[in-house]
Amino acid sequence: MTVSCVRPMLLTDLAAVLAIEAQANPVPWQASDFRVFLRPPYPSENPDAGVDAGSPQAYGSGDPRHTLSGQMGWVWADPEVQGFACVVGAADEAELQAIAVARDHWSRGVASALMETLCAWARRNGLRTLHLEVREGNARAREFYARWGFAQAGRRPKYYRDNAEAALLLVKSL
Ligand SMILES: CC(C)(COP(=O)(O)OP(=O)(O)OC[C@H]1O[C@@H](n2cnc3c(N)ncnc32)[C@H](O)[C@@H]1OP(=O)(O)O)[C@@H](O)C(=O)NCCC(=O)NCCS
-6 MTVSCVRPML LTDLAAVLAI EAQANPVPWQ ASDFRVFLRP PYPSENPDAG
44 VDAGSPQAYG SGDPRHTLSG QMGWVWADPE VQGFACVVGA ADEAELQAIA
94 VARDHWSRGV ASALMETLCA WARRNGLRTL HLEVREGNAR AREFYARWGF
144 AQAGRRPKYY RDNAEAALLL VKSL
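In terms of the working numbering, the sequence shown opens at residue -6 and continues consecutively.
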């Protein structure tokens, strides 16, 4: 699965993203949760326009050393959307807030392509660490993150309200 299928998440991707999220997450995000990660559709004559909408220039001085605070969403699409990821950047840290792949596309490298893209974006924007929370019982996601070099940085007991499951806090150096 190639990273060339990864592009910024557009308003027009929302229905497909919500369908994947509903399958993937026991407490799925709603449309309003994705709002800050969506970009307007690109003009058809310039498909690359807006690719850097998540760069520091979108948030302030344009100086990469300036504090970054922004959101970025991506989808993997060929052209149907089969996966997505959402990241928030603040100061020199990035937080992976959501990543999911349509179940019939698991084990094909879709999440890996998204991860490669978002790490490259974070590094380009001067972010040094990537953080996330994962359910302790989500063995598949934990294996995926371990393969990507994440290490456990903490554990929050009874963190998830739906089943009182613990959250593991993972971090990866960029
Ligand atoms: C966790 C999740 C995002 C992983 O997505 P994925 O697209 O299946 O992940 P990848 O394919 O990149 O990597 C996982 C597997 O594919 C294999 N793989 C990677 N690149 C590959 C390629 N080019 N061709 C074939 N297989 C490949 C990996 O070795 C790995 O193998 P395994 O499935 O046998 O363990 C997905 O299972 C998911 O959406 N889960 C539900 C949502 C979720 O839990 N999100 C995380 C919340 S914190």
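We put the beta carbon where it would ideally sit given N, CA and C, even for glycine.
Using only the alpha-carbon positions, how far apart do residue i and residue j sit?
{"i": "glutamine 64", "j": "valine 80", "result": "6 Å"}
{"i": "proline 21", "j": "alanine 91", "result": "10 Å"}
{"i": "leucine 7", "j": "leucine 107", "result": "17 Å"}
{"i": "phenylalanine 30", "j": "valine 68", "result": "11 Å"}
{"i": "glutamate 136", "j": "proline 33", "result": "34 Å"}
{"i": "arginine 149", "j": "arginine 28", "result": "27 Å"}
{"i": "proline 72", "j": "glutamate 88", "result": "27 Å"}
{"i": "alanine 159", "j": "valine -1", "result": "31 Å"}
{"i": "tyrosine 152", "j": "valine -4", "result": "33 Å"}
{"i": "threonine 19", "j": "isoleucine 13", "result": "In the sequence as presented, threonine is not what sits at residue 19; that position holds proline. Looking at the two C-alpha atoms, the distance is approximately 12 Å."}
{"i": "alanine 93", "j": "glutamine 145", "result": "20 Å"}
{"i": "threonine 110", "j": "glycine 76", "result": "13 Å"}
{"i": "alanine 95", "j": "glutamine 16", "result": "8 Å"}
{"i": "glycine 82", "j": "aspartate 97", "result": "30 Å"}
{"i": "alanine 9", "j": "alanine 84", "result": "31 Å"}
{"i": "alanine 139", "j": "alanine 70", "result": "25 Å"}
Would you list the residues sitting across from residue i in a DSSP beta bridge?
{"i": "proline 1", "result": "Trp67"}
{"i": "valine 94", "result": "Gly76"}
{"i": "leucine 163", "result": "Leu125 and Gln145"}
{"i": "leucine 89", "result": "Val80"}
Can you name, in chain order, every residue of its own chain whose Cβ lies under 7 Å from the Cβ of residue i, other than the five neighbours on each side?
{"i": "leucine 167", "result": "Cys112, Ala115, Arg116, Leu120, Arg121, Thr122 and Leu123"}
{"i": "methionine 2", "result": "Val10, Phe30, Leu31, Arg32, Gly66, Trp67, Val68 and Phe77"}
Sorted by chain position, which residues of the same chain lie with C-beta nearer than 6 Å to residue i's C-beta, five sequence neighbours on each side aside?
{"i": "lysine 165", "result": "Leu123, Gly142 and Phe143"}
{"i": "glutamate 38", "result": "With a pLDDT of only 42 at glutamate 38, under the threshold of 50, the placement of this residue in the model should not be trusted; the figure read from the coordinates follows. Cβ neighbours of glutamate 38 beyond the five flanking positions: none."}
{"i": "leucine 125", "result": "Leu89 and Leu163"}
{"i": "valine 74", "result": "Asp6, Ala9 and Val68"}
{"i": "aspartate 155", "result": "Pro19 and Val20"}
Grab the span of the alpha helix (DSSP H) containing residue i for me, first residue to last.
{"i": "serine 105", "result": "103 to 117"}
{"i": "glutamine 16", "result": "7 to 17"}
{"i": "arginine 140", "result": "132 to 140"}
{"i": "aspartate 26", "result": "24 to 27"}
How far does the beta strand (DSSP E) with residue i in it extend, from its first residue to its last?
{"i": "serine 100", "result": "Where serine 100 is concerned, there is no enclosing beta strand (DSSP E), given that its DSSP letter is neither H nor E."}
{"i": "glutamate 126", "result": "122 to 128"}
{"i": "arginine 148", "result": "144 to 149"}
{"i": "alanine 157", "result": "Taken as a continuous stretch (DSSP letters only), alanine 157 belongs to no beta strand (DSSP E), as it is neither H nor E."}
Relative to ligand 2, is the shortest distance from any of its heavy atoms to the C-beta of residue i smaller than 8 Å?
{"i": "alanine 17", "result": "Although ligand 2 was asked about, the structure shown includes only ligand 1 as ligands."}
Excluding the five sequence neighbours on either side, which residues of its own chain have a C-beta within less than 8 Å of the C-beta of residue i, listed in chain order?
{"i": "proline 40", "result": "For proline 40, the predicted model reports a pLDDT of 43, less than 50, meaning its position is unreliable; a value from the coordinates is still stated below. Around proline 40: no qualifying Cβ."}
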